[in-house]
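Visitor: Top to bottom, those sequences are chains A and B. First residue of the first sequence: 925, per the numbering used here; consecutive thereafter. First residue of the second sequence: 456, per the numbering used here; consecutive thereafter. Just so it is clear, CB atoms sit at the ideal spot from N, CA and C, and this is done for glycine as well.
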Amino acid sequence: MSRTFGTALRLTLLSWAMFGLGYPLLEVGINQLAFPGAANGSLVRVNGQVVGSRLIEQRFTGDGWFHGRPSAVHMNPRLSGGSNLGPSSVRLARHLAARRARLVARHPYLAGRQLPADMITSSGSGLDPDITPANAYLQAPWVARARGLPLAMVRHLVARHIRGPWLGLFGQARVDVLSLNLGLKRIIARARHARMAP
Amino acid sequence: MTSPVETLIAVLMAAILFGMPLGAYMARIYGGETFWATRALRPIEHFFYRLGGIHPEDEMDWKRYAIALLFFNLIGTLFLYGLLLWQHKLPLNPEHFAAVTHALAFNTAASFVTNTNWQAYGGESTMSYLSQMLGLAVQNFLSAATGIVIVLAIIRGIVRAKSRHLGNFWVDMTRTVLYVLLPLSVILGLVLLEQGAPQTLGAYVEAHLIAPFVSGKAYVTHQTIALGPVASQEAIKQLGNNGGGFFNANSAHPFESPTAFTNYLQMVAMILIPIALVFMFGYMTKDRRQSTMILSAMLVLFVPLALASMHYDLAANPLFHGLGLSQAHTAANAGGGDMVGVEDRFGAGSSALFGSVATATSTGAANSAYDSFMPLSGLVNLFFMQLGETAFGGVGTGLATMLAFVIFAVFLGGLMIGRTPEYLGKKIESFEIKMASLSILVMPLLVLIGTAVATAFAAGRAGTFNPGAHGFSEILYAFTSPSNNNGSAFGGLSADTTFYNVATGLCMLIGRYWSYLPLLALGGSLAAKQRLPASAGTLGAHGPLFVGLVVGVILLIGALNFFPALGLGPIAEQMTHVHALAASK
Chain A
925 MSRTFGTALR LTLLSWAMFG LGYPLLEVGI NQLAFPGAAN GSLVRVNGQV VGSRLIEQRF
985 TGDGWFHGRP SAVHMNPRLS GGSNLGPSSV RLARHLAARR ARLVARHPYL AGRQLPADMI
1045 TSSGSGLDPD ITPANAYLQA PWVARARGLP LAMVRHLVAR HIRGPWLGLF GQARVDVLSL
1105 NLGLKRIIAR ARHARMAP
Chain B
456 MTSPVETLIA VLMAAILFGM PLGAYMARIY GGETFWATRA LRPIEHFFYR LGGIHPEDEM
516 DWKRYAIALL FFNLIGTLFL YGLLLWQHKL PLNPEHFAAV THALAFNTAA SFVTNTNWQA
576 YGGESTMSYL SQMLGLAVQN FLSAATGIVI VLAIIRGIVR AKSRHLGNFW VDMTRTVLYV
636 LLPLSVILGL VLLEQGAPQT LGAYVEAHLI APFVSGKAYV THQTIALGPV ASQEAIKQLG
696 NNGGGFFNAN SAHPFESPTA FTNYLQMVAM ILIPIALVFM FGYMTKDRRQ STMILSAMLV
756 LFVPLALASM HYDLAANPLF HGLGLSQAHT AANAGGGDMV GVEDRFGAGS SALFGSVATA
816 TSTGAANSAY DSFMPLSGLV NLFFMQLGET AFGGVGTGLA TMLAFVIFAV FLGGLMIGRT
876 PEYLGKKIES FEIKMASLSI LVMPLLVLIG TAVATAFAAG RAGTFNPGAH GFSEILYAFT
936 SPSNNNGSAF GGLSADTTFY NVATGLCMLI GRYWSYLPLL ALGGSLAAKQ RLPASAGTLG
996 AHGPLFVGLV VGVILLIGAL NFFPALGLGP IAEQMTHVHA LAASK
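#1: To be precise: take each residue of the stretch 767-785 of chain B, compare its Cβ to all Cβ atoms of chain A, and keep it if any distance is under 7 Å. Which residues remain?
#2: Closest Cβ-Cβ distance between residue 1119 of chain A and chain B: below 8 Å?
#3: Just the chain A side, please: which residues come within less than 7 Å of residue 800 of chain B by C-beta, in chain order?
#4: By how many angstroms is the C-alpha of residue 712 of chain B removed from the C-alpha of residue 553 of chain B?
#5: Of all Cβ atoms in chain B, is any one closer than 8 Å to the Cβ of residue 989 of chain A?
#6: Taking the alpha-carbon of residue 1057 of chain A as reference, which of A/1031, A/1118, A/1104 and A/1015 has the nearest alpha-carbon?
#7: Name the chain A residues whose beta carbon is nearer than 9 Å to that of residue 575 of chain B?
#8: Quickly, what does DSSP pair residue 976 of chain A with across the bridge? List them, please.
#9: Verify whether the separation of the beta carbon atoms of residue 684 of chain B and residue 654 of chain B is less than 8 Å.
#10: So if DSSP puts residue 674 of chain B in a beta bridge, which residue, or which two residues, is it bridged to?
#11: Can you grab the Cα-Cα spacing for the pair residue 1059 of chain A / residue 788 of chain B, in whole Å?
#12: DSSP three-state label for residue 999 of chain A, please.
#13: Chain A beta carbons: is any one of them nearer than 8 Å to that of residue 655 of chain B?
#14: Let me check understanding here. Comparing Cα to Cα, which of B/681, B/588, B/1023 and B/779 lies closest to residue 903 of chain B?
#15: Using a 10 Å radius around the Cβ and a threshold of 16 neighbouring Cβ atoms, would you call residue 972 of chain A buried or exposed?
#16: Could you tell me how far apart the beta carbons of residue 561 of chain B and residue 979 of chain A are, in whole angstroms, since I believe they sit closer than 8 Å?
#17: Could you tell me the boundaries of the beta strand (DSSP E) in which residue 1079 of chain A lies?
#18: Between which two residues does the alpha helix (DSSP H) holding residue 501 of chain B run?
#19: Note down, in chain order, every chain A residue with its Cβ under 8 Å from the Cβ of residue 985 of chain B.
#20: Is there a Cβ from chain A that is less than 8 Å from the Cβ of residue 971 of chain B?
#21: By the criterion of Cβ-Cβ separation under 7 Å, what are the contact partners of residue 926 of chain A in chain D?
#22: Answer yes if the stretch 487-505 of chain B comes into contact with the stretch 583-603 of chain B, meaning at least three C-beta pairs across the two stretches below 8 Å, and no otherwise.
#23: Between A/1030, A/1063, A/1024 and A/1032, which has its C-alpha nearest residue 1044 of chain A's C-alpha?
#24: Considering only residues of the same chain and omitting the five flanking positions on each side of residue 738 of chain B, which have a CB-CB separation below 7 Å?
#25: So, for residue 1075 of chain A: in the same chain, excluding its five sequence neighbours on each side, which residues have a beta-carbon less than 7 Å away from its beta-carbon?
#26: The beta strand (DSSP E) spanning residue 621 of chain B covers which residue range?
#27: Indicate whether the contact test is met: 3 or more Cβ pairs, each with one atom in the stretch 681-697 of chain B and one in the stretch 664-672 of chain B, closer than 8 Å.
#28: Between the alpha carbons of residue 937 of chain A and residue 607 of chain B, how many angstroms are there, rounded?
#29: Can you tell me where the beta strand (DSSP E) holding residue 1099 of chain A begins and where it ends?
#30: Using a C-beta cutoff of 8 Å, does residue 649 of chain B count as contacting chain A?
#31: Identify the residues that DSSP records as bridge partners of residue 1042 of chain B: which are they?
#32: List the DSSP bridge partners of residue 536 of chain B.
#33: Alpha helix (DSSP H) containing residue 848 of chain B: first to last residue?
#34: Going along chain A in order, which residues have a C-beta closer than 7 Å to the C-beta of residue 719 of chain B?
#35: When the cut-off is 8 Å and only beta carbons count, does residue 932 of chain A lie next to chain B?
#36: How far does the alpha helix (DSSP H) with residue 833 of chain B in it reach, from first residue to last?
In structure tokens:
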């Protein structure tokens, strides 16, 4: 009995060393060498400063930006999760109706239109970095108007940021909102630069 | 974009295609053969034996095997419990998380040691990196290996004749973690990393927002991004059918599953070892028809239910009629369907499929909010677990439960044709049937009594988040999942209370050990018997008819036990939906 106990104890300690430290540290080592970008969270840098992660949603407000999906956790990466409201929840229906009403009040051109589901539903993680192409195109008019850009130019920007299914097989077409907004920022900077040029 | 049905086929094909050689490989490993793999890793294996004081040639009978297993799991539980209580005094805690409460530490320790990985906490706000690596990830390996060696001992019982021994527990554990789980995890971890899962010990990162905003009275200029050694943990979480997420949102979190390809790979990883074990069983019994029979039974159960779940989750939610919300099935709309709690990169169909895979195996991972699934998709999740985790089941334990059902079916078939029931030349007598029944019936008792108690007392009812029938489903799910060592949840339930921590913790422990120790005894009893040659009157335990018998037994027991409870939960909710649809027209 005591031998069984001793073996159990020693094997547990050995497992700690091998699977608790050895295995993850091996992966850390390989990863930091082979894929340093992904290993550290796919961080996006502008002028050397971290502005976010390509994989984590941020909150954008105001008409000058594209907006991500609503988030049940206010896009706080320390508290990932969905709303967990059930499919027959009256509260859920009320949330969706209120989000729709706010959007239509702000952007009258949306009145009477079918909104893509992901525009007013919250995601499973609350950190979904993407929106659907339909959602992005529907936002293009308000961004174009607020920024004083031609609509065609903004729609072209959206089109350039659509990422299709991986290898054409896996998953859905989508637009990553942070990259899209960074692209928007670059267009604006370029336009301003062109105006200032003699 | 592939349709969800095509994804289902692709997942099954890949799992079977890789599972077959993996099963053959595992049969060689456990048979003690010398070949390329053992030549490469034997020094480490022997290092384990030397340091552990293990004598590999020392064979154990079922009682010693069970005692070694219990001791090992007990020490694992105590270590993990202690680690969680002391995490604030230990290194690798860059966010300075406090000690975990006693009730939660008990629940988490029971959860990870029994391969359940029910999580009453959010990883990124509770667990230090050290707790994740040394505590949770280590048990991901060990609890999965424990499941595999349980079925290994039972298979040896079937294969051996006139023997008291079922193998050496320590040797089987060492070989499982070293030759099977570790290499697969390293490979999968690297693919996950290439796709974007982080793997770092650095602290959480502050990002400077390009568009700061005002929230309430606060001017928000930063976002704190939670990181950690995610990829390594994610790989073993899926391969070992553990399912405990690094983050609260589990595989819905973009760091745990960054792309639809990782989503696909995670589904394959969940089914891979359960299927490989079915093939291993065929190799070890030298009867490939057994693999075909068991795999067919699993597929007959899995495919229709998974298709139903996808169908209902892709159907429009009638509650949203009149909200001007497009649930159309177009590529520009993430494939359409019920998008509440679903990530855009996966879409509703793939999320329902992931839910089916995670509950049909005992993984319990989640790539979407199961609480927000359409009522009948939620029902499929529940029902997969209530079938006793047989198709495909947990790593090892799934096949073990399946074998208990097979023995049951052999017994029933024997009664029908008036012959002494035999399985692979072994007589099935009253002891075997008693042990199989004990193993099969403890789970429904835990689920139904647990749900009844929670519904009867205020402490149980207080946890529900959604009202009405859906709230009842939340409670039913909270007892179904731990009792079956699954670990997925209807996440709305407030599970981190003393009541739920203790109740679900007990369900996990009883559900694990009461289900599988009788099966070890069954293995021991079968090993002692002599092998009878098959005669003209022997019921052949293969072929479509026998598959039908096995599936019938599983469905009958599952349905008879659980339909009344399902009627009060998801079925009642679906009825109100149908009503809402009629009213909206």
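Guide: With the given structure in hand:
#1: 772, 774, 775, 778, 779, 780, 781 and 782
#2: no
#3: 1054, 1095, 1096 and 1098
#4: 28 Å
#5: yes
#6: A/1104
#7: Near residue 575 of chain B there are no residues of chain A at all, since even the closest Cβ is about 13 Å away, more than 9 Å.
#8: A/968
#9: yes
#10: B/669
#11: 8 Å
#12: coil
#13: yes
#14: B/1023
#15: exposed
#16: In fact, because the Cβ distance is near 34 Å, the residues do not count as touching under 8 Å.
#17: First-last for residue 1079 of chain A: 1075-1085, but that is the alpha helix (DSSP H), not the beta strand (DSSP E).
#18: 491-507
#19: Those within 8 Å of residue 985 of chain B in chain A number zero; the least Cβ separation is about 30 Å.
#20: no
#21: As a matter of chain content, chain D is missing from the structure shown, whose protein chains are A and B.
#22: no
#23: A/1024
#24: 478, 479 and 482
#25: 1064, 1065 and 1068
#26: 620-622
#27: no
#28: 24 Å
#29: 1098-1100
#30: yes
#31: Nothing about residue 1042 of chain B can be read from this structure; chain B reaches only from 456 to 1040.
#32: Paired residue(s): none; residue 536 of chain B is not in a bridge.
#33: Residue 848 of chain B -> no alpha helix (DSSP H), and no H or E assigned at all.
#34: 1094
#35: yes
#36: 830-841
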